[in-house]
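Asker:
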Amino acid sequence: MAYKKEIDENFRFLILAVRSQLQDALNFLDDTGTVSNENFFARDDYIDNLKGVIETKCFSQIHYSGEPEKKTVDLIKAVIVITTNLERIADYSVNMIGQMHHLHDTSFIRKYDYREFFDIILESVDLIYKAAISKDLQDGLHICKSELTIDSLYKEVFQELLAELKTGKNTEDLLTTIFIFRYLERMGDCLLNVGEAIISSAMGEKFKFDQFEALEESIQRAQIEASISDFTFDSIWETRSGCRIARVRTKNGNGSTIAAIFKEGQLKKLEDEKNNIEKWQEIIPGLPPRIYSFKPRGENASILLEYIDGNTLEDLLLSNNPEGVKKSLGLIKKTLNEVYESTRKMEPVNARPSNQLLERIREVHEVHPDYKFETRQIGSIETPSFDEMLKRLSEIDESIYSPFTVFIHGDFNIDNIILDKNKDTIHFIDLHRSKNFDYVQDISVFMVSTFRLPVKDDMVRNLMNLATDEIYRFGAEFAQRNNDTTFEARLTLGLIRSFTSSTRFELKEEFAKTMYLRAIYLIEKMLSHEGKPWEEFRLPSASLVY
Amino acid sequence: MSSPINDFKHESLQDRESIVKYINALREGFESGQLVLGNNGNRIILEPAGMIKLDLKAKRKDGRIKLTVKVNWREKSEEEKEEEKPLIIESKRD
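Written out as structure tokens, the structure is:
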């Protein structure tokens, strides 16, 4: 599928028409007497129509042209975004001229420097066609940066106009002038969208200007001998917590490939991750990925990390690789044991898993409203409502402490554990939640993250049951050796939390219910144990087998 | 406030020990002639009587067992209940 010539023609005409519209708006403000009102408004209609035509042609080309080719789709996406924003710029030109009628004296506007705005906008508009078609990264960036310049120019003019407003003279003309400049400032916003569309099309992935800058800086700081344009993006995706992650690759001077993980998101989260990686490096060097660079930017930050070539435990399970799974489990147990022994502090801690659940229960009920049941009666049996059950559970877990803390992963999902390519070491990733805490948190998250893989294949399920069971036994043995007598009760609380909260990501009703009913079963077991010592509580192990 | 309902559904996970409680609760209902099922105070009251049909089905497939117990009966109408009231003849004393 190739980008069609007729779209190209319409696109070029659109850019020319928007350029003329801007030029006319400038002439109007300059009062050159060369602008025909009729032409000006007719051109606005023409631009509206062109926009519609381009959109229709673009969508139908993507839809009807057989196998879509990614680079053509990327270009067409950029053309659609650019078209929308150019049409908006043309509208702002009309709006701006509409404001001129409110001035008592049209020469009033000429006291202020609007020409510089127009110079920058026209210069960017002139770059658009070539930048879009040849996917020129540098031109795309140049167009993005014009927004920054326009913003600072606007700030200056705005301050000047505000100061004059305070004198109380010409207030109406001053207000109208602010409105006119505001349209120029908005044109800058449109140009930013245009520039980002060009960058995204050049990189083959959606990119915001500041994210792109963050990546560029990260690469420079990491002192990898390559520039950003040498990088390829294998994948980029939005995570649940709003952090953007991409795997980037390039070749260095001697021809070997360097791969890295680039993350961009909230400062706090990435700062935590950086600090935790450093702590993990001290405990077991090489367990976490190496940090190539870290760069805070206002409320956001970016981090460039070593890419670990291997398979996550989740990959190994799903691909039914018993050898890899068993190797990983052995290494995980050995690693956890080492970490737990070396970081154990005799300070009691209460993870309060039922409070963690209370924080997420709203999201669960949004996806599965019927999970919020009321009191029920079956003959002489009466069961409490869901809310009542959670309340009682929370009272129970208030009293159950782990006798010590260890340094835990904090998000010990099976997709955060990687067996490296040579199969002799494991690595932990996604470490922003690591802290000194109850190790049962990690054990329970691990067990449920295995259970919740939506797999029915018996062979894979057996392997998953094996993984769950091994980690459970590891935890139970560690508890016994360390005189932790309430391990089973705390594990059950953790499983209740994870089973219930996992349903918020599971839209397959049957499988969600499988987890939810297990949680309710475990809650009922705990409630019926109330009054007896928690040291005697045993996790019904059948509840973990699917 | 409780109001009558015509449908009731319950789904839960049990083990061999805990399921006996539920079976006993159902047994008590049949014995006493009244089984109350309720949800948030809304109740369905069942009064098993007369001929009761029992369907029992068991199925084993890929190691998963399904045992279905189905009980059917016809409820008496108010009129029939009225007719069943014993006839009481009281003598008049002058």
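As given, the protein sequences belong to chains A and B, one line each in that order. The first sequence runs 1 to 546 under our numbering. The second sequence runs 1001 to 1094 under our numbering. Glycine included, C-beta positions come from ideal geometry on N, C-alpha and C. It should be emphasised that the depicted structure is a prediction, and the values quoted were computed from it without experimental measurement.
Give a yes or no on whether the C-beta atoms belonging to residue 451(A) and residue 544(A) are separated by under 8 Å.
Answerer: Yes. Within cutoff.
Asker: On the three-state DSSP scale, how would you describe residue 179(A)?
Answerer: In this structure, residue 179(A) counts as helix in the three-state DSSP scheme.
Asker: Apart from the five residues on each side of it in sequence, which residues of its chain come closer than 8 Å, Cβ to Cβ, to residue 1001(B)?
Answerer: With a pLDDT of 49 at residue 1001(B), under the threshold of 50, the modelled position of that residue is not reliable, and the figure given next carries that caveat. Within the same chain, residue 1001(B) has close Cβ partners 1041.
Asker: Entirely within the segment 410 to 470 of chain A and at least 3 residues each: give me those beta strand (DSSP E) ranges in chain order.
Answerer: For the segment 410 to 470 of chain A, whole beta strand (DSSP E) runs of length 3 or above, ordered along the chain, are 417 to 420, 426 to 428, 435 to 437.
Asker: How far does the beta strand (DSSP E) with residue 1057(B) in it reach, from first residue to last?
Answerer: Residues 1053 to 1061.
Asker: Compare the C-beta of residue 1001(B) with all C-beta atoms of chain A and state if any pair is closer than 8 Å.
Answerer: Caution applies to residue 1001(B), whose pLDDT of 49 falls short of 50 and renders its modelled position unreliable; the value that the coordinates give is listed next. No, residue 1001(B) does not count as interfacial toward chain A.
Asker: Taking the DSSP output, what are the residues bridged to residue 294(A)?
Answerer: DSSP, once it has assigned bridges, lists 303(A) as partnering residue 294(A).
Asker: Assign residue 406(A) to one of two classes, buried (16 or more other C-beta atoms within 10 Å of its C-beta) or exposed (fewer than that).
Answerer: Under this definition residue 406(A) is a buried residue.
Asker: Can you check whether the C-beta of residue 518(A) is within less than 8 Å of a C-beta belonging to chain B?
Answerer: Closer than 8 Å to some Cβ of chain B, the Cβ of residue 518(A) qualifies, so yes.
Asker: Listing by chain order, which chain A residues have their CB less than 7 Å from the CB of residue 1036(B)?
Answerer: Those within 7 Å of residue 1036(B) in chain A are 377, 379.
Asker: Could one say the Cβ of residue 542(A) lies closer than 8 Å to chain B's Cβ atoms, at least one of them?
Answerer: Closer than 8 Å: yes.
Asker: In three-state DSSP terms, what is residue 264(A)?
Answerer: Here residue 264(A) sits in strand by DSSP.
Asker: Mind checking if residue 388(A) is an interface residue toward chain B, Cβ cutoff 8 Å exclusive?
Answerer: No, no contact with chain B.
Asker: Please confirm if residue 1039(B) has its CB atom under 8 Å from at least one CB of chain A.
Answerer: Cβ-Cβ to chain A under 8 Å: yes for residue 1039(B).
Asker: Exposed or buried, residue 101(A), counting other C-beta atoms within 10 Å across all chains shown (16 or more means buried)?
Answerer: Looking at its Cβ environment, which holds fewer than 16 other Cβ atoms inside 10 Å, residue 101(A) is exposed.
Asker: For residue 324(A), count neighbouring Cβ atoms within 10 angstroms of its own Cβ and tell me buried if that reaches 16, exposed if not.
Answerer: Buried is the call here.
Asker: Measure the C-alpha to C-alpha separation of residue 177(A) and residue 109(A) and round it to an integer number of angstroms.
Answerer: Their backbone Cα atoms lie some 6 Å apart in a straight line.
Asker: Within this structure, are the beta carbons of residue 353(A) and residue 497(A) separated by less than 8 Å?
Answerer: Closer than 8 Å, so yes.
Asker: Apart from the five residues on each side of it in sequence, which residues of its chain come closer than 6 Å, Cβ to Cβ, to residue 197(A)?
Answerer: 78, 81, 82, listed in sequence order.
Asker: With the cut-off set at 8 Å, would you say residue 209(A) and residue 181(A) are in Cβ contact?
Answerer: No, these two residues do not count as a Cβ contact at 8 Å.
Asker: Counting C-beta neighbours from all protein chains within 10 Å, is the total for residue 1071(B) 16 or more, i.e. buried, or is it exposed?
Answerer: Classification for residue 1071(B): exposed.
Asker: If we define contact as Cβ-Cβ less than 8 Å, is residue 1013(B) a contact residue for chain A?
Answerer: Yes, because at least one Cβ of chain A sits closer than 8 Å to the Cβ of residue 1013(B).
Asker: Alpha carbon to alpha carbon, what distance is there between residue 193(A) and residue 480(A)?
Answerer: Distance between the alpha carbons of residue 480(A) and residue 193(A): 60 Å.
Asker: Looking at residue 283(A) and residue 427(A), is the spacing between their C-beta atoms short of 8 Å?
Answerer: Cβ atoms of residue 427(A) and residue 283(A): not closer than 8 Å.
Asker: Strictly by DSSP, which residues pair up with residue 326(A)?
Answerer: The partner list for residue 326(A) (beta bridge, DSSP) is empty, contrary to what the question assumes.
Asker: Using the beta-carbon of each residue, which ones in chain A are nearer than 8 Å to residue 1025(B)?
Answerer: In chain order: 378, 379, 380, 381.
Asker: Run through DSSP, which three-state label would residue 164(A) get?
Answerer: Helix.
Asker: In this structure, how does DSSP classify residue 554(A) when only helix, strand and coil are distinguished?
Answerer: Only positions 1 to 546 of chain A appear in this structure, which leaves residue 554(A) out of reach.
Asker: For residue 1009(B), does the three-state DSSP call read helix, strand or coil?
Answerer: Three-state DSSP puts residue 1009(B) in coil, outside helix and strand.
Asker: What are the start and end residues of the alpha helix (DSSP H) that includes residue 383(A)?
Answerer: Run containing residue 383(A): none in the alpha helix (DSSP H); it sits in the beta strand (DSSP E), 381 to 383.
Asker: For residue 521(A), which residues in chain B fall below 9 Å Cβ to Cβ?
Answerer: The contacting residues are 1012, 1013, 1014, 1015, 1018.
Asker: With H, G and I counted as helix, E and B as strand and the rest as coil, what does DSSP make of residue 1066(B)?
Answerer: It is a strand residue.
Asker: Would you list the one or two residues that DSSP bridges to residue 312(A)?
Answerer: 418(A), per the DSSP bridge assignment.
Asker: Count the other CB atoms, across all protein chains shown, that sit within 10 Å of the CB of residue 179(A); report buried if there are 16 or more and exposed otherwise.
Answerer: When all chains shown are included, residue 179(A) counts as exposed.
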